[in-house]
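Enquirer: Per this note's numbering, the sequence shown starts with residue 15, numbered consecutively.
Where is the CB? At the ideal position from N, CA and C, for every residue including glycine.
Just dropping this structure here.
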Amino acid sequence: MIKPFKPIGPPPFIDPIEGEWCRAFNIEENRALDDNKAKLDVLRQRDKKRTEEKIDSLYDELQRKIDPDYKRPPSASDIDNIFEAAQRIIKSWNW
Numbered sequence: 015m016i017k018p019f020k021p022i023g024p025p026p027f028i029d030p031i032e033g034e035w036c037r038a039f040n041i042e043e044n045r046a047l048d049d050n051k052a053k054l055d056v057l058r059q060r061d062k063k064r065t066e067e068k069i070d071s072l073y074d075e076l077q078r079k080i081d082p083d084y085k086r087p088p089s090a091s092d093i094d095n096i097f098e099a100a101q102r103i104i105k106s107w108n109w
C-alpha cells in the first residue's frame with residue numbers, strides 16, 4: 015500500500031515569522047543603541063568642556079587670590095574667538 019504524500023516543510027515547532035520578528039527587533043535595538051551612543055558622546059563632550067571651564071575658572075580665582083593683578087593668558091579658543099570677531103568686523107566694513 016502506498017503511503018499518502020506528506021509535504022516536506024519546517025517542523026511544526028518552528029515559527030517562520032518568529033525569525034523575522036527577531037531580525038526586526040535586533041535591527042531596531044541596534045539603531046537605538048547607536049542613537050544612544052551618539053547622544054552619550056555629545057553629553058560626554060559637553061561635560062568635558064564644562065569641566066575644563068570650571069577648572070580654568072577655579073584656577074583663575076586661585077591665582078587672583080594669590081596675585082590680585084593676575085590676568086589669564088589667552089588660550090587657543092580665545093585666539094580663535096578673537097580671530098572670528100576680527101573677521102566679522104572686517105566683513106562688516108563697506109569697502
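Using only the alpha-carbon positions, how far apart do Asp-94 and Ile-41 sit?
Expert: 42 Å
Enquirer: Would the C-beta of Asp-70 count as close to the ligand FAD, meaning under 7 Å from any of its heavy atoms?
Expert: Looking for the ligand FAD in the displayed structure turns up nothing, as the structure carries no ligands at all.
Enquirer: Taking C-alpha atoms, which residue in Asp-81, Asp-74, Phe-39 and Pro-82 lies nearest to Pro-88?
Expert: Asp-74
Enquirer: Hey, could you find the ends of the alpha helix (DSSP H) Pro-30 is sitting in?
Expert: 30-80
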